[in-house]
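Chains as they are written, first to last, in the numbering used here: chain A, 587 to 1395; chain B, 341 to 635; chain C, 14 to 219.
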Amino acid sequence: MTNHWVDIKNADLVFVMGGNPAEAHPCGFKWAIKAKKTRKAKLVVVDPRFNRTAAVADFYAPLRPGSDIAFLGGVINYLLANDKIHHEYVKAYTNAPFLIDEGFAFDDGIFSGYNTEKRSYGKDTWKYQLDKDGYAKVDETLESPNCVFQLLKKHYSRYTPEVVSQVCGTPKDAFLKVCEYIAETAAPNKTMTNLYALGWTEHSVGSQNIRCMAIIQQLLGNMGMAGGGINALRGHANVQGITDFALYAQVLPGYLSAPGDADPDRKTYLEKRTPKALRPGQMNFPQNFPKWFTSLCKAWWGDAANKDNDFAFDYLPKLGGASDVLSIFNAMYEGKMNGFFCQGFNPLASVANKKKVGDALAKLKYLVVIDPLATDTSEFWKPHGEFNEVDPSKVQTEVFRLPAGLFAEQTGSFTNSGRVVQWHWKAADAPGEAKDDTEILAALFLKLKEMYAKDGGAFPDPILKLTWGYRQPAKPAPEEVLMEINGKALADVVDPKDATKVLVKAGEQLPSFAMLRDDGSTTCGNWIYCGTWSQAGNNTARRDNSDPSGLGQTLNWGYAWPVNRRILYNRASADPAGKAWDPKRTVLKWLGDKWGGNDIPDMRPDAAPDQGVMPFIMNPEGVARLFSRELMAEGPFPEHYEPFETPLDKNPMHPNNPKATSNPAARVYKGDMEAFGKAKDFPYVATTYRLTEHFHYWTKHAHINAVLQPEQFVEIGEELAREKGIRNGDTVKVRSNRGFIKGIAVVTKRIRTLEVDGKKVHTVGIPIHYGFKGVTKPGFITNTLTPFVGDANTQTPEYKAFLVNIERA
Amino acid sequence: MALQSLDIARRSATTTPSPSVRQTTEVAKLIDVSTCIGCKACQAACMEWNDIRDPVGWNLGMYDNPVNLTENSWTVMRFSEFEENGKLEWLIRKDGCMHCADPGCLKACPAPGAIIQYANGIVDFHEENCIGCGYCITGCPFNVPRISKKDGKAYKCTLCSDRVAVGQAPACVKACPTGAIQYGSKEQMKDYAATRVKDLNERGYKNAGLYDPQGVGGTHVMYVLHHADRPQLYSGLPAEPSVSPLVGLWKGIAKPLATATMALVGIASLFHYITKGPNEVSKETEKEVEKEDAA
Amino acid sequence: MIRDPKDLKRYTAHERANHWVVGMSFILLALSGLALFHPLFWPLTNLFGGGTWTRILHPFIGVLMAFSFLALYHRFKALNEMTPTDWEWVGRVKEMVDGDDHNMPEQGKYNGGQKLLFWALAVCVLLLFVSGIPLWRAFFDPPVGLARLAAVVHAVAASVMIGLITVHVYAAIWVKGTIRAMWYGTVTRAWARQHHRAWYRQVTGK
């Protein structure tokens, strides 16, 4: 989230698409209801299903799964064509005036630079035109045909309401009604908050779905505003936390890009990752990358990381390729992996194409499952009737189950979707032999260290020299870990402008990442968490909910990263002169000598408005990007591509260009392209989702949740049910090209048959949550059906749009 | 459940006044259907607070689960899809005891003290006095009480009388994530409902309103409905509930009338005997019989 | 034991036993039913081991009464067919109530009042049985409308039946020499001659 949960109450329009917060985030959804009750806010839902959020919405519009970009592209076109944009904001705070390389082009679904064989782009033309000083050229009139604004207009002019309706199946009047709701928030004192979740990310164009909304929110001037922003609803109490701490090996904690084969030394590595400002006078905050990275190395290896050894740069593993979940299981499937540690993860159930995952696990020598529950994964080798048909005599994998405590049985911190880190205390002891995750990892580490110390090995130093300064090495305390993450000064940290002024004394906890240094005098396990445990103590344990502004900022509750800032880009909530766009919801304003208001300024505190320091300080250009330069895999503007399994066999926006049917830059592994089904065999669009009664694959083990939703079901519309002779309560079999599941049919008016590109498209809705372990009725794993392909940028699998057939079982 | 004792408004099968010196405010739970997302947190909270568990059931082709109220599920969500003029609505109603001001269950109950109405409006079952006859089911206009197969006692929502007695809101209210279930004095709840109704009116629900049916004297569980003119849309919420006239007859006039009639017959017989004397075989007849014998 | 060989046999042992099964079950049903009907009678539940036992036992006893009454019904229905003489007797019942029965029409084994009582009781038992089933929650789960109707029917029929039985019992007490018919099975000839002369003639041939 750029904003935070409580801030949703400040919105004038709560726009929900690609998410179902009432269902999946009922507690946070209270703030949407609050906005309705106290601000007379409108709630608009766009979703393939009339879901629980739609049940309390002011307006609902249906769309076909996997057509979000067409819909949102239509919104962008509507805003531009009807001049419903926040002009001053767009001009000052976005890259609308920036001039793009003359060679940039877009031709029938493909951007310039495409390499068909590699299925990827050379991005040389996706760049700003630079002047002789290396700064981007701009056209303040926004009229140059090569400026971002004109390119944007041109690109989305194709997304007319008729095209939207043709591609999405959304009735034209419903689409236009949604546009009207959204357009109202172009006024400087109106905001739209956007709530999305996996309904946008779990597509082969997931990241670009979100990019569309980023463009819309920039055009409307809603970024940085109270009640605005782009708000990803994270599904798990601490999934934000795990993301912040290197969700994939491709990043180091704090989203620092990890070194790869192309980074032979620290200098090369840092140079590539430390950008230069693209406009004069901008903060270009990532220029501090070396400070963050060096402090991380110091946190990990202490004295063993020093100037003489490039701060232990060589201790870091260098990635040879992808390390996302699909690539891991593909490598396992190809027999390239011996062992797998599976901690708090149930991949047999939660990764696409269960058959492939099961076959992959069977090729391991060993599998270690660290979990509070007896997961389906831990019994992937065991026959459970038709739910898990496997021959155990053919599986050689040795499985170890290490029982771990549940979150409520451990002390530690949660980071919520709004980036607020909150300490929590253990509520009960874990049962039986279960241990804290830290204790299990410590035991493994200490044993490994002992073995390396005894036996040597190819490169023992990264293990032997890792800092492990916990009072009880076998039981690191959560408090010690958070203090270590926060970091401390190893030597006095002095003011760069005045070396006599000591900012932090040696040995003290650091108050913020502004104190980090690249000379080895500071440690920090994750730069964005710097400040969580300052010299004042554990700031995440603060529980003062006073809210003087009434905006719900509660700056003394927990600790939000970065630097306790609650709304990112909050400088953009004020006009270029420093006055709040909406004085009634002032987040930040220029006080004459400094920035102040109701949040920690996302701006150098003394940067006077006339200095022209722009609000998007993490971007070297200082402004937000309508045009995302070379940062996205499939293009600087989002374009509609069909899901890899499309009911149409072509992209209706590029019917004559098969290269542009589905995401041209998405990675497809050998064998997986063949495993995609075709519309003639699998004519119905399927989408998977969560139910409010359950949490992923955990609560099927909990009696109360099982009572509330006991059994796998499949939702279909009334028209499909009639065609197939399926009645409510019948058992149905749903097949994709990868397998089948069975469930109880729920025939509903809430899923409509849509008219798409001249043909009828039926949607089949399939909740996840069920499996062969637990106290719910034993069932199939929904991901038996889903395709093994992901988003081109994040590789998040396409769980939300694929093809199936359905029949009475 | 029994906790309060000094603020009893009515007690089943009891003809004399109950302890009632303690002054309490009339309370109410307001269920704002227009902000309810059907998450069933209230169901879970009810199970947890009261330590009751239904067995894991089946899916019967709907979201409702358990599909009906049971002795272990004192509240259930009922989902219904309603389409009118091309606009679809998913109406989700939390069902359970309405805590009527004029409770049919209490009226019907034959066991003294098995059903208690407190001065705060809560209608509570005291299972230790319940004999399991099921008259409460017969008396209830909302089809709420359920008899347990395990112990033959009747169960239903207590409005968490045990929590309310110590100043806490009912468990479902506490658990409701969106604030769709509110709790307070009945007056407060009516005032709050008025603001919700106004909001719904402004959003185009012309017939939005408060469901506080006067046929049962008003209730202490009330609904804000978008379509207050048609409560039946919400999975058959009765439009004009009242204690059935048959129950009224049975538990009203029939009781004294029948008792009096029966007593009268007995008394009339007695007085007949003492006024008219016994009907004995007459001497004349006896003589006739003797004469026959002699013949 | 034979008190007097000249006494007339009015009821066989089987008939008496059948009657008393009905009679006893009726008493138990009345006591337990009243206990559940009006708070005034609630203490009667103590006779049955408390409210719950009262609730449990009442319907089983009801089934017993219904079936034993059915047997009684078959035994006596032929004897209770109304004749024109019975109707005449019924029309002049006031004289009878006033204790002046000398001019009443000659009666067979049963007089018109007894016969009407028989049929009325039969109707009551039928109604009680049929309406009792929907009220038996331990085994049946009727539609609530039916249960409500049944409750009223059951209450009314029971009240009527209690009234009728009160009259029945009182009549037996009032008319001296009657009760022994159900204790020993015999009545004196004088009793028979006075109250049921046609029957008297029929059995004595006089």
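Even for Gly, the Cβ is constructed at its ideal location relative to N, Cα and C.
Contact between the region 571 to 587 of chain B and the region 653 to 663 of chain A (3+ Cβ pairs under 8 Å): The answer is no - the region 653 to 663 of chain A does not touch the region 571 to 587 of chain B, with fewer than three Cβ pairs under 8 Å.
- prompt: A:K718 to A:L728, Cα distance in whole Å?
  reply: Whole-angstrom Cα-Cα distance: 21 Å.
query: Using a beta-carbon distance cut-off of less than 8 Å, what residues from the region 612 to 628 of chain B approach chain C?
result: Of all residues in the region 612 to 628 of chain B, only H612, Y613, K616, G617, P618, N619, E620, V621, S622, T625, E626, E628 place a beta-carbon less than 8 Å from a beta-carbon of chain C.
- request: Out of A:V1320, A:S730, A:Y1145, point me to the one whose CA is closest to A:A1127's CA.
  value: Comparing Cα positions, the closest option is A:Y1145.
task: Closer than 8 Å by C-beta to A:N701: which residues in its own chain qualify, once you throw out the five before and the five after it? Chain order, please.
output: Cβ within range, chain order: Y707, G708.
- prompt: In chain B, what lies closer than 9 Å to A:C928 by C-beta?
  reply: Correct list: empty, because the minimum Cβ distance to chain B is about 27 Å.
task: Step through the CB atoms of chain C and report whether any lies within less than 8 Å of the CB of B:N483.
output: Yes, B:N483 lies at the interface with chain C (some Cβ there is under 8 Å from its Cβ).
message: For B:R351 and B:S358, what's the separation of their Cα atoms in angstroms?
response: Approximately 7 Å between the Cα atoms of the pair.
query: Under the criterion of a Cβ to heavy atom distance below 7 Å, does C:L83 qualify as lining the ligand HEM?
result: Judged by which ligands are present, the structure shown has none, so any question about the ligand HEM falls away.
Candidates A:S790, A:K677, A:N808, A:Y675, of which the one nearest A:A1378 by Cα: It is A:S790 whose Cα lies nearest to the Cα of A:A1378.
- prompt: Between the C-alpha atoms of C:R206 and C:G46, what's the straight-line distance to the nearest angstrom?
  reply: If I take the Cα positions, the gap works out to 39 Å.
message: I'd like the list of long-range same chain contacts for B:A603, defined as Cβ closer than 7 Å, with 5 residues on each side in sequence excluded.
response: Non-local C-beta neighbours of B:A603 in its own chain, meaning closer than 7 Å and more than five positions away in sequence, are absent.
message: Can you tell me which residues form a DSSP beta bridge with A:I1352?
response: A:I1352 is bridged to A:T1274.
query: Taking 8 Å as the CB-CB cut-off, is B:V564 touching chain A?
result: Interface residue (Cβ-Cβ distance to chain A less than 8 Å): B:V564 is not classified as such.
field: Interface flag, B:P510 vs chain D, CB-CB below 8 Å
entry: The structure shown has no chain D; the protein chains it does contain are A, B and C.
query: In chain order, which alpha helix (DSSP H) runs of at least 4 residues are fully inside the region 768 to 854 of chain A?
result: You should have 784 to 787, 792 to 806, 825 to 830.
- prompt: So what's A:V1361 in DSSP terms, helix, strand or just coil?
  reply: Here A:V1361 sits in coil by DSSP.
message: Just checking: is the beta-carbon of A:E1297 within a distance shorter than 8 Å of some beta-carbon in chain B?
response: Taking a beta-carbon distance threshold of 8 Å, A:E1297 counts as an interface residue toward chain B.
- prompt: Is there a Cβ from chain A that is less than 8 Å from the Cβ of B:A459?
  reply: Answer no: the Cβ-Cβ gap between B:A459 and chain A never drops below 8 Å.
- prompt: Quick one: is B:S501 buried, meaning 16 or more other Cβ sit within 10 Å of its Cβ, or exposed?
  reply: Its Cβ being crowded by 16 or more others within 10 Å, B:S501 is buried.
task: Starting from the beta carbon of B:M529, find every residue of chain A whose beta carbon is closer than 7 Å, and list them in chain order.
output: At a beta-carbon threshold of 7 Å, none of the residues of chain A lie near B:M529; the nearest stands roughly 15 Å away.
field: Runs of alpha helix (DSSP H) wholly within the region 1040 to 1092 of chain A (minimum 4 residues, chain order)
entry: Taking only runs of at least 4 residues, the alpha helix (DSSP H) segments lying wholly in the region 1040 to 1092 of chain A are 1047 to 1050, 1064 to 1072.
Contact with chain C by B:S345, beta-carbon distance below 8 Å: Not closer than 8 Å to any Cβ of chain C, the Cβ of B:S345 fails to qualify, so no.
task: Mind listing the chain B neighbours of A:L1294? Cutoff is C-beta to C-beta under 7 Å, in chain order.
output: Simply K380, Q383, A384, N405.
message: Please list, in chain order, the chain B residues whose beta carbon lies closer than 9 Å to that of A:N1314.
response: The answer, in chain order, is L400, G401, M402.
- request: Measure the Cβ-Cβ separation of A:T1001 and A:D830 and say whether it is below 8 Å.
  value: With respect to A:D830, A:T1001 sits close: the two C-beta atoms are nearer than 8 Å.
Rounded separation between A:P1082 and A:A1075 - CA only: Whole-angstrom Cα-Cα distance: 15 Å.
message: I need the DSSP call for B:W398, collapsed to helix, strand or coil.
response: B:W398 falls in the coil class under three-state DSSP.
query: If you draw a straight line from the alpha carbon of B:E366 to that of B:T498, how long is it in whole angstroms?
result: The straight-line gap separating the alpha-carbon atoms of B:E366 and B:T498 is approximately 15 Å.
query: Opposite B:D372 in the DSSP bridges: which residues?
result: Beta-bridge pairing links B:D372 to B:V564.
- prompt: Taking only runs of the beta strand (DSSP E) that begin and end inside the region 939 to 1013 of chain A, which ones reach a length of at least 3 residues, in chain order?
  reply: Segments of the beta strand (DSSP E) lying fully in the region 939 to 1013 of chain A: 952 to 957, 984 to 989, 998 to 1001, 1006 to 1010.
- prompt: Name the chain B residues whose beta carbon is nearer than 7 Å to that of C:W55?
  reply: Near C:W55 (Cβ distances below 7 Å), the residues of chain B are A353, P452.
query: chain A beta carbons: is any one of them nearer than 8 Å to that of B:G524?
result: It does not; no Cβ of chain A falls within 8 Å.
query: Using 8 Å as the limit for Cβ to Cβ distance, is B:S582 near chain A?
result: Not an interface residue.
task: On the DSSP bridge assignment, give the partners of A:I1330 in chain order.
output: Note: A:I1330 sits in a beta bridge opposite A:F1299, A:T1317.
query: Going by C-alpha distance, which of A:G827, A:I1392, A:E1025, A:A627 is nearest A:R1313?
result: Per the Cα distances, A:I1392.
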